[in-house]
Amino acid sequence: MGSDQVPTVTVADIPPATPDELFLLDVREPEEWAAGHIDGAAHIPMGQLTGRLDEVPRSARVIAVCRSGNRSARVTAYLVDGGWDAHNLEGGMMAWAALGRPMTADTSVPPFVL
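In my numbering, each number is its position in the sequence shown, counted from 1, plus 1455.
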């Protein structure tokens, strides 16, 4: 899925209140998403992306997110090759959590990165 060189952003590059022109795309598996994710992010697991590309807006800057930045780098390369303005979140959710940025969970336990 895509090339080795991809555009990246850091957690610090993303404002605390995510602007409308950013589309946060979490490509992790359902159990990872349920444990903890960025509020307002869209969830499309990497394996489902090609069948759900219509859910990824071309009018927004796409920030792809996974646990550590590896899967999302592949997704970013794929999207860039397809004409999207896409960037990989460097360090993924591990970096997000390390900087104390807010997360939400689909479970009754406090959110965490799985």
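Don't be surprised by glycine CBs; every beta carbon is placed ideally from N, CA and C.
Open item on the list: If the criterion is Cβ atoms closer than 9 angstroms, does the pair residue 1464 and residue 1534 meet it?
Closed with: no
TODO: Identify whether residue 1463 lies in helix, strand or coil by the three-state DSSP scheme.
DONE: strand
Task: Test item: CB-CB of residue 1486 and residue 1522 under 9 angstroms - done: no
Task: residue 1473, DSSP secondary structure in three states - done: coil
TODO: Just the C-alpha distance for residue 1502 and residue 1508, rounded to the nearest angstrom, thanks.
DONE: Straight-line Cα distance between these residues: approximately 12 angstroms.
- [ ] Would you check if the distance between the CB atom of residue 1560 and the CB atom of residue 1492 is smaller than 9 angstroms?
- [x] yes
Task: Continuous beta strand (DSSP E) stretch holding residue 1540: start and end - done: 1540-1544
Open item on the list: Measuring only the C-alpha atoms, how far is residue 1468 from residue 1551?
Closed with: 11 angstroms
TODO: Could you pull out every residue in the same chain whose Cβ sits closer than 8 angstroms to the Cβ of residue 1538, ignoring the five residues on either side in sequence?
DONE: 1513
Task: Sequence-distant residues of its chain with Cβ nearer than 8 angstroms to residue 1510 (five each side left out) - done: 1497, 1499
- [ ] State buried or exposed for residue 1528, treating a residue as buried only when at least 16 other CB atoms are found within 10 Å of its CB.
- [x] Of the residues assessed, residue 1528 falls on the buried side of the cut-off, its CB having 16 or more other CB atoms within 10 angstroms.
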